[in-house]
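Input: a single structure, listed below in structure tokens.
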Amino acid sequence: MFTSDRLLFRGFQDEDVEHLYAMRNDFRIARFVNLEPNIPHPTKYKEFLRTQAEGSTIWFSIIEKNTGNFVGQCSIKVSEPKNRDGTFGISTYPKFWGKGYGTEASKFVIGYAFEALGIQRVSLTVLEGNAAAMAVYKKLGFKHEGTKRRANWAEGHWEDLLYMGILEEEWATAHKKTQGLS
Ligand SMILES: CC(C)(COP(=O)(O)OP(=O)(O)OC[C@H]1O[C@@H](n2cnc3c(N)ncnc32)[C@H](O)[C@@H]1OP(=O)(O)O)[C@@H](O)C(=O)NCCC(=O)NCCS
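Letter by letter, the sequence shown follows residues 126 to 307 in the working numbering.
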């Protein structure tokens, strides 16, 4: 079991799929984690979520240390090992937003991925209206690398999709004290 100050990180367990399904059916979350229409998903969607979790290179369920509550998930997927490029994803239940958990979890998991997987960069995409995610990624040192214009139609308007990334040396410089790198 891995830990940060207030969180535990454990592997996927069968019952976690119920949380993943509940989160994907929550408009506040689904709105920002895919470009699909926001519609309630049928129960068979759980199989897709399970496959997605199990197909990640690193997949952590995030648990609140004090209560044992399921907070959310975060993952890294290395699709093409030769490029040593990990794609990052995170989502947490809205009741836990604004407590610093998103930053704490992202920092732990990305730092762990750089060390454990030997990757040379972490990549992600974020919709332009996702101010909370953007704030987390900027705090951690991610750079804006490109923009796909009009990538998503949501809430009656077009929005851009931003590509962000951080290189291993940028991460090491920004986080060397807390990640134990020198
Ligand atoms: C992204 C997410 C994980 C962040 O989790 P969180 O626990 O709320 O994150 P934190 O509390 O660590 O940080 C949130 C930051 O966003 C800022 N923020 C929140 N809403 C904001 C807004 N509307 N405008 C500007 N900043 C905002 C907060 O002030 C905070 O920054 P600060 O610590 O500098 O004050 C969470 O919002 C989530 O799961 N969202 C839905 C799924 C999602 O968007 N995933 C990412 C897809 S790219």
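C-beta atoms are modelled at their ideal positions from N, C-alpha and C, and glycine is treated no differently.
When you measure from the CB of residue i to every non-hydrogen atom of ligand 1, does any distance come out below 7 Å?
i	result
S216	yes
I201	no
W228	Per the sequence presented here, residue 228 reads as Thr, with Trp not at that position. It does: the Cβ of T228 is within 7 Å (strictly closer) of some heavy atom of ligand 1.
V251	yes
K224	yes
A147	no
A257	yes
G236	no
F267	no
K264	yes
F195	no
A241	no
V142	no
V247	no
A279	no
Only counting the same chain, and skipping five residues up and downstream in sequence, which positions put a Cβ closer than 7 Å to that of residue i?
i	result
S307	Confidence is the limiting factor: at S307 the pLDDT is only 40, short of 50, which leaves the residue's position unreliable, though a coordinate-based value still follows. So the qualifying residues of the chain are K301.
E123	Nothing about residue 123 can be reported from this structure: the residues present for the chain run from 126 to 307 only.
What does residue i pair with, by DSSP beta-bridge criteria?
i	result
V247	G211, I291
V203	G211
I188	L133, F195
H282	A279
L252	L286
On the premise that residue j lies in contact with residue i, defined as a C-beta separation below 8 Å, what is that separation, rounded to the nearest angstrom?
i	j	result
G266	W296	7 Å
G254	R209	About 31 Å separates the two Cβ atoms, so there is no contact after all.
K264	T228	6 Å
Can you find the residues in the same chain that come closer than 8 Å, C-beta to C-beta, to residue i, ignoring five residues on each side of it along the sequence?
i	result
Q304	Residue confidence is low: Q304 scores 47 on pLDDT, short of 50, so the model does not pin down where it sits. No coordinate-derived value is stated.
V196	L132, I187, I188, E189, T217, Y218, F221, Y226, A230
E179	F137
Excluding the 5 residues preceding and the 5 following residue i in the sequence, name in chain order all residues of the same chain whose CB lies nearer than 6 Å to its CB.
i	result
V203	T182, G211
E294	none
W283	R275
C199	F185, I215, A230, V234
N194	none
R175	V142
G281	none
Report yes if the C-beta distance between residue i and residue j is below 8 Å; otherwise report no.
i	j	result
F152	N163	yes
F213	R135	no
K169	Y146	no
L292	R246	yes
N277	L249	no
N150	P165	yes
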